[in-house]
Every structure is written in structure tokens, then in C-alpha cells.
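When we follow UniProt numbering, the leftmost residue of the sequence shown carries the number 1, and every step to the right adds one.
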Amino acid sequence: MPELLDDTLQALDGFCRDVSGDFRELGRLLDRDPDVIGEYLDRPGVRLSRFVAIPPRYWTGPEAPANLVGVLRTVLGQSVAWERLAYGDPNVWLASPGPALSGGVIDVLATPAQADRYYQRLVAEPLHTFFGLTEPAKGSAATELETTLTPADDGDGWILDGEKCYIGNGARAQFGVVFCRRAPGLLGIEAVLLDCATPGFSGELLSTVGLRGARISRMRFDRVRIPAENLLGAHLPATRRGLYGVTQVLYRARPTIAAMALGCAQAVCDYVRSQRRTLAGYDRLHLEDVVDRIAAVRLLIHRSAADVDRGVVNSHRLGAAKARAARLSEEATLLAARLLGPAALVEHPWLEKIYRDVRAFEIMEGTTNLHRMSVFRGVLKNTFLTASEPPGNGHATGH
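Put into C-alpha cells, the structure is as follows:
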């Protein structure tokens with residue numbers, strides 16, 4: 001185990017391994033029908049996926065051992081957990097009800113009353129949420145949002161207009177967070193809580209090849225009324241509102257998304273080993289090289305996550321960790337397909353599915369080219385290895 005994993009984190013890894021033992025079978029079912037998750041909500045791993053991002057004070061039962069509850073609220077703990085759960089199958093976590101990324105916005109921007117309304121609704125019944133940032137014309141460039149928020153003509157709340165695209169669970173969620181523009185400039189960005197039953201909202205599923213449990217969607221807002229109490233961060237200074245919420249969530253999400261990709265890469269390498277094929281010397285060395293690089297990126301992820309937990313962020317290193325993990329997950333599947341023979345993707349159905357799934361990590365939480373540019377800027381400024389940034393600085397690169 002890497003040096004940062006103390007006894008508690010190793011216990012967390014073991015707990016997640018135990019509760020995710022059935023994830024590959026569930027993942028196979030979700031690949032056929034992502035909505036089948038509703039039939040498995042009582043499985044321990046699915047319950048953990050549902051409740052892990054909900055503050056424990058709202059839990060209705062012991063969703064995790066008492067000694068692991070605190071570490072599950074840390075970025076490092078979540079990185080360990082997400083890697084292990086994705087090792088089983090990433091679709092299960094993505095398909096499960098719960099707060100996902102929108103809960104991070106609530107934690108940063110909501111008043112206590114707003115947080116209570118949000119989380120109490122989630123624990124009362126298994127509901128899906130969404131994190132609405134990416135737009136069809138602007139991608140996830142948070143400073144260029146075109147979705148607008150204008151005062152209602154009758155003075156009662158706000159009116160939301162615009163579109164979002166490539167949003168996980170957008171078409172099946174019951175509510176979620178939308179980032180929008182109230183005024184020009186960086187300080188004109190706001191976050192609102194949207195109930196999907198509100199007139200004027202519509203969502204449609206997009207056709208996807210892999211990671212179908214995420215239910216990637218397009219959403220449209222046609223004069224959707226947002227109650228005044230659903231504007232998040234109104235009690236905060238302008239510099240700690242919309243854009244600040246985006247960066248806070250994405251900085252915390254980046255190590256966990258990287259960890260999910262890495263869990264898939266490790267699973268593929270272990271699968272090749274389990275087939276007991278006699279590998280030629282070059283092939284064996286190539287496989288071991290990928291395994292060694294997985295270990296190196298894992299350490300980078302853990303160190304970056306621990307930095308975030310102690311209140312400092314190096315966005316360049318976070319970007320490097322995510323880009324390398326996504327790349328390794330693809331390399332592992334390409335190598336496995338070659339090592340297991342020309343018919344590998346036909347003869348090994350799980351490998352064929354994970355081969356499709358891992359391609360999604362390239363665009364989740366920022367594409368590789370954006371993270372490479374961030375790394376390049378860090379090298380130019382001589383801050384890649386040494387400097388840290390306080391959370392909230394920098395530009396959100398995507399989801």
C-alpha cells in the first residue's frame with residue numbers, strides 16, 4: 001500500500017472491496033438497462049454509493065463502520081473508495097441514486113436550511129441528482145456560460161433559460177444544480193437548485209457506447225421558474241458564490257475521477273493475469289510496466305487528494321493525475337485485447353464492456369488536452385512541483 005494509506009484507509013479499502021463483490025454482475029445488467037439499479041438498492045455496495053456523499057448526520061442507518069465514517073468525508077478517503085468500487089464496476093456508483101457532484105455544491109454554497117431540504121429529500125427516498133455545468137456551445141468553460149438567470153416579471157424568484165449537455169443522470173434526475181449567468185463577468189455566475197418537475201424543463205438521454213450507468217443527457221430550460229429560496233450562495237460574498245462553487249467541487253472531484261479510471265486499469269491488468277496465459281518476455285514486461293505506472297499515478301492521486309484535504313490545491317498536479325489515469329485505463333484495455341488474442345473482445349465479455357467504459361474518462365472532469373495545458377503552465381511557472389494554490393483560484397476545466 002502507498003505510504004499515505006494508514007490503517008484506517010486500508011480498512012476502508014477492504015470494506016469497499018467486500019461490499020463491491022457483486023459489482024461486475026450488476027455492471028453487466030446496467031450495461032443492458034441502466035434503470036435496473038432500482039431493483040438492487042438494498043445491496044450494501046449500492047447503499048454505500050447512495051449515502052457516501054451525504055453527510056452522516058442525515059443517514060438513516062449505519063451505512064459504513066463507525067471508524068470509517070470520518071475518512072469517507074475526505075478527498076483521500078473518497079479516492080481510495082472510488083478506486084476500489086470502480087475496480088468492481090464504475091457503472092454501479094454512477095447509476096446509484098444520491099447527491100453525486102451536486103452535493104458538493106450544496107456543501108459549499110447552501111444555507112443550513114437549503115442543505116436540510118436537499119439532503120432530507122435524498123434520504124427520504126432514492127432519488128437521482130445532476131450537476132449542470134457543461135453547455136453544447138461552450139463545453140464546460142465556466143466563465144463562458146450562456147444559460148441565463150433573469151428576475152421574474154412579477155418579482156417572485158427567477159427565470160432560467162438555456163441548455164446543458166453531457167450531464168450525468170440529467171434526464172432521469174428528480175432535481176439538481178444548474179450553473180447559469182445572472183450578469184456579465186466572472187461574478188455574474190450563479191448556482192440554482194432546480195426541481196425537474198418544474199414546467200419548462202425537459203431532458204433527453206444521449207446515445208452512448210460505454211459507461212451507460214451514467215445516463216448522459218441533454219437538458220433544456222424554457223422559462224423555468226426558480227423560487228428565490230433556490231438561489232444558492234445569496235448569503236455569501238460575490239467572490240464566494242457561483243464560480244467559486246464550481247472550482248471547489250471540481251478540485252475535490254478530480255482525484256476521485258482519476259481514482260475511478262485507475263481502478264478500471266488495475267482491474268484489467270489483474271484480469272489478464274487471472275487468465276493464466278503464458279506471456280512472451282516482451283509482453284510480460286509491457287504488462288508489468290503498465291502495473292508500475294498505475295502504482296506511480298496512484299501515489300500522485302493520493303498525495304494530491306491529501307493536499308486538498310489540508311486546504312491547498314495544485315491544479316497542475318491534479319490535472320496531471322486525472323489525465324494520466326484516464327490514459328492508463330485506455331492503455332490497459334488496448335494491451336489486454338492484444339495479449340489475450342485477436343478474438344479477445346468476443347471471448348471475454350467483461351473485457352469488451354470495460355474496453356468501452358473507460359473511454360468515457362477522457363471527457364469526465366476535463367479532457368486530457370485541457371489538463372495537459374494546465375501541466376504546461378505549471379512547468380512554465382515553475383509551480384508544478386512546488387507551489388500550491390488556495391482553493392477557489394484558477395479556471396474550472398470541465399465535467
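Here a beta-carbon is modelled for each residue, glycine too, at the ideal position from N, C-alpha and C.
As assigned by DSSP and simplified to three states, the class of residue i
| i | result |
| --- | --- |
| Met260 | helix |
| Cys180 | strand |
| Gly139 | strand |
| Thr8 | helix |
| Phe221 | strand |
| Leu236 | coil |
| Gly103 | helix |
| Pro342 | coil |
| Ile54 | coil |
| Glu83 | helix |
| Ser20 | coil |
| Leu76 | helix |
| Gly203 | strand |
| Phe361 | helix |
| Phe175 | strand |
| Gly210 | coil |
| Leu231 | strand |
| Val246 | helix |
| Val268 | helix |
| Val313 | strand |
| Gly319 | helix |
Delimiting residues of the alpha helix (DSSP H) encompassing residue i
| i | result |
| --- | --- |
| Ser49 | 44-51 |
| Thr368 | 368-380 |
| Val92 | 90-95 |
| Ala66 | 66-69 |
| Pro349 | 349-357 |
| Asp289 | 281-309 |
| Leu122 | 112-124 |
Through-space distance from residue j to residue i, alpha-carbon basis
| i | j | result |
| --- | --- | --- |
| Ala326 | Leu262 | 7 Å |
| Cys196 | Arg225 | 11 Å |
| Asn393 | Phe131 | Confidence is the limiting factor: at Asn393 the pLDDT is only 43, short of 50, which leaves the residue's position unreliable and the question unanswerable from this model. |
| Gly245 | Gln10 | 31 Å |
| Thr198 | Ala64 | 35 Å |
| Lys381 | Ser374 | 11 Å |
| Pro112 | Gly319 | 32 Å |
| Leu41 | Asp309 | 30 Å |
| Glu163 | Ala332 | 36 Å |
| Tyr251 | Ala141 | 15 Å |
| Pro97 | Gly70 | 21 Å |
| Arg377 | Asp153 | 45 Å |
| Glu362 | Ala323 | 7 Å |
| Ile189 | Ala258 | 27 Å |
| Leu149 | Pro227 | 12 Å |
| Pro371 | Ser315 | Per the sequence shown, the amino acid found at residue 371 is His instead of Pro. Computed Cα separation, rounded: 9 Å. |
| Leu193 | Met260 | 27 Å |
| Ala265 | Trp59 | 32 Å |
| Arg73 | Ser274 | 34 Å |
| Val268 | Cys16 | 18 Å |
Beta-carbon gap between residue i and residue j smaller than 8 Å
| i | j | result |
| --- | --- | --- |
| Thr143 | Tyr166 | no |
| Leu109 | Ala183 | no |
| Ala100 | Thr129 | yes |
| Thr8 | Leu76 | no |
| Ile106 | Gly168 | no |
| Leu335 | Ala321 | no |
| Pro90 | Leu211 | yes |
Extent of the continuous beta strand (DSSP E) to which residue i belongs
| i | result |
| --- | --- |
| Asp161 | 158-168 |
| Thr129 | 129-132 |
| Ala191 | 189-195 |
| Pro151 | 148-151 |
Own chain partners of residue i with C-beta closer than 6 Å, once the 5 adjacent residues on each side are dropped
| i | result |
| --- | --- |
| Gly103 | Ala53 |
| Ala238 | Leu187 |
| Thr256 | Gln78, Ser79, Trp82 |
| Pro126 | Leu41, Pro97 |
Contacting residues, own chain, Cβ-Cβ under 8 Å from residue i (five flanking each side not counted)
| i | result |
| --- | --- |
| Val92 | Ser20, Phe23, Leu26, Gly27, Leu30, Ile37, Gly45, Val46, Ser49, Leu85, Gly213 |
Neighbourhood of residue i by C-beta, 7 Å cutoff - its chain only, sequence neighbours within 5 removed
| i | result |
| --- | --- |
| Gly223 | Strictly speaking, residue 223 in this sequence is Arg, with Gly absent from that position. Contacts found: Ile159, Asp161, Gly200. |
| Glu330 | Val358, Arg359 |
Closer than 8 Å to chain B by CB, residue i
| i | result |
| --- | --- |
| Ala337 | Any reference to chain B falls outside this structure, which holds one protein chain only. |
Heavy atom of the ligand ATP within 7 Å of residue i beta-carbon
| i | result |
| --- | --- |
| Arg284 | As far as ligands go, the structure on display features none, and thus does not contain the ligand ATP. |
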